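Engineer: Chains E and V are the protein sequences, given in the same order. Using this note's numbering, the first residue of the first sequence is number 1, and each one after it goes up by one. Using this note's numbering, the first residue of the second sequence is number 1, and each one after it goes up by one. From the three backbone atoms N, C-alpha and C, an ideal C-beta is built for every residue, glycine too. Quick caveat, the model's predicted, so the values are computed rather than measured.
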Amino acid sequence: GQSLEQPSEVTAVEGAIVQINCTYQTSGFYGLSWYQQHDGGAPTFLSYNALDGLEETGRFSSFLSRSDSYGYLLLQELQMKDSASYFCAVRDRGGATNKLIFGTGTLLAVQP
Amino acid sequence: DVKVTQSSRYLVKRTGEKVFLECVQDMDHENMFWYRQDPGLGLRLIYFSYDVKMKEKGDIPEGYSVSREKKERFSLILESASTNQTSMYLCASSSLGGAGTEAFFGQGTRLTVV
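1) Assign L96 (chain V) to one of two classes, buried (16 or more other C-beta atoms within 10 Å of its C-beta) or exposed (fewer than that).
2) Compute the Euclidean distance between the alpha carbons of Y64 (chain V) and V52 (chain V), then round it to the nearest angstrom.
3) In whole angstroms, what is the alpha-carbon distance linking K13 (chain V) and L64 (chain E)?
4) If distances are taken between C-alpha atoms only, which option among E:Q79, E:C22, E:S33 comes closest to A109 (chain E)?
5) Contact between the region 56 to 63 of chain V and the region 4 to 24 of chain V is defined here as three or more beta-carbon pairs at a separation below 8 Å; is this criterion met?
6) Kindly list the residues whose CB is nearer than 7 Å to the CB of V4 (chain V), restricted to its own chain and excluding five residues on each side of it in sequence; keep chain order.
7) When you compare each of E:L73, E:L100, E:S83, E:L51 to D39 (chain E) by their alpha carbons, which one comes out closest?
8) Going by other Cβ atoms of all chains shown within 10 Å of its Cβ, with 16 needed for buried, is V90 (chain E) buried or exposed?
9) Can you look up D82 (chain E) in the DSSP assignment and give me helix, strand or coil?
10) K55 (chain V) and R68 (chain V) look like a contact to me (Cβ under 8 Å); what is the Cβ gap, rounded to whole Å?
11) Answer yes or no: does any C-beta atom of chain E fall closer than 8 Å to that of F74 (chain V)?
12) List the whole-angstrom C-beta distance separating S69 (chain E) from Y30 (chain E), where the pair is believed to meet the contact cut-off of C-beta under 8 Å.
13) Tell me the DSSP secondary structure of T15 (chain V) in three-state form.
14) Taking 8 Å as the cut-off, decide whether the C-beta atoms of E2 (chain E) and I101 (chain E) are in contact.
15) Please list, in chain order, the residues of the region 6 to 22 of chain E that have any C-beta partner in chain V closer than 7 Å.
16) Quick check on the burial criterion: 16 or more other C-beta atoms within 10 angstroms. Buried or exposed for I17 (chain E)?
17) Is there a C-beta anywhere in chain E that falls below 8 Å from the one on L11 (chain V)?
18) I want to verify the contact list: residues of chain E whose CB lies under 7 Å from the CB of L78 (chain V), in sequence order.
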């Protein structure tokens with residue numbers, strides 16, 4: 001089977017840096033994605049790591065360590081609008097298809 | 001603008017009813033997914049489909065079935081609704097690209113079974 005574990009909640013203040021961790025166990029690993037979901041909204045794609053290391057996209061960066069089965073999302077210069085839930089996700093091969101599995105999600109609360 | 005549309009935002013059904021949740025995508029995507037979202041449990045995969053008439057079970061298929069008669073439409077069916085199926089249901093689609101292929105989500109259907 002597969003599982004992705006995340007902290008349930010993280011709180012930080014505006015302007016700060018926050019890291020959201022994800023540890024995973026999958027039968028076949030093809031990289032780690034991150035999605036953001038605002039309250040009442042649909043999840044939207046943020047980033048993807050296929051290889052070890054850091055990928056940067058503006059204020060957001062994502063890191064992967066395949067040997068540790070671990071990744072994280074780093075949010076810098078936090079803004080109030082970053083308050084949302086964040087999910088890590090993996091593509092796990094199910095038969096001939098690409099099954100998309102999500103983590104338990106982390107609720108980020110940004111305070112003034 | 002890419003779009004995944006779910007037929008209802010809110011739905012209230014009675015225990016034992018047969019419930020249909022509809023999802024339509026306009027991106028010609030091969031993959032379509034149904035998830036349920038519950039607090040603290042994240043998004044759990046119910047079923048997915050990689051082609052017309054093709055389907056595979058996800059992690060929690062019990063009590064659900066699906067139908068994909070056309071590429072753009074993927075329906076989730078609750079054969080006999082129960083109160084423990086009260087949840088937010090999310091539909092998603094993606095192309096058949098690599099592992100980093102972005103999935104696009106609908107706005108969700110909040111189903112309450114009474």
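Structural biologist: Result, derived from the coordinates:
1) Reading the second sequence from its first residue, position 96 is the one you call residue 96 (chain V). Exposed: under 16 other Cβ atoms inside 10 Å.
2) As a position in the second sequence, residue 64 (chain V) is number 64, starting the count at 1. As a position in the second sequence, residue 52 (chain V) is number 52, starting the count at 1. So the two alpha carbons sit approximately 18 Å from each other.
3) Your numbering for residue 13 (chain V) matches position 13 in the second sequence. Your numbering for residue 64 (chain E) matches position 64 in the first sequence. When rounded, the distance between both Cα atoms is 43 Å.
4) In the first sequence, counting from the first residue as 1, residue 109 (chain E) sits at position 109. For A109 (chain E), the nearest C-alpha among the options comes from E:Q79.
5) no
6) To locate residue 4 (chain V), count along the second sequence from 1; it is residue 4. Same-chain partners within the cutoff: C23, Q25, C91, A92, S93, F104, F105, G106.
7) For the purposes of this step, residue 39 (chain E) is taken as residue 39 along the first sequence, with counting starting at 1. Looking at the Cα atoms, E:S83 is the closest of the given residues.
8) Residue 90 (chain E) sits at position 90 when you count from the first residue of the first sequence. Looking at its Cβ environment, which holds 16 or more other Cβ atoms inside 10 Å, V90 (chain E) is buried.
9) For the purposes of this step, residue 82 (chain E) is taken as the residue at position 82 of the first sequence. Correct three-state label for D82 (chain E): helix.
10) Position 55 of the second sequence, counted from the start, is the residue given in the question as residue 55 (chain V). Position 68 of the second sequence, counted from the start, is the residue given in the question as residue 68 (chain V). Indeed, because the Cβ distance is near 6 Å, the residues count as touching under 8 Å.
11) Position 74 of the second sequence, counted from the first residue, corresponds to residue 74 (chain V). Closer than 8 Å: no.
12) By one-based count along the first sequence, residue 69 (chain E) stands at place 69. By one-based count along the first sequence, residue 30 (chain E) stands at place 30. Not a contact, Cβ separation roughly 13 Å.
13) Working through the second sequence from its first residue, we reach residue 15 (chain V) at position 15. If DSSP states are grouped into helix, strand and coil, T15 (chain V) belongs with coil.
14) Numbered from 1 along the first sequence, position 2 holds the residue referred to as residue 2 (chain E). Numbered from 1 along the first sequence, position 101 holds the residue referred to as residue 101 (chain E). Rather than Glu, the amino acid found at residue 2 (chain E) in this sequence is Gln. A contact, by the Cβ cut-off of 8 Å.
15) S8
16) Translated into positions along the first sequence, residue 17 (chain E) becomes position 17. So I17 (chain E) counts as exposed.
17) In the second sequence, counting from the first residue as 1, residue 11 (chain V) sits at position 11. Answer no: the Cβ-Cβ gap between L11 (chain V) and chain E never drops below 8 Å.
18) Residue mapping note: residue 78 (chain V) aligns to position 78 of the second sequence, counting from 1. Within chain E, no residue comes near L78 (chain V); the closest Cβ sits about 21 Å away, beyond 7 Å.
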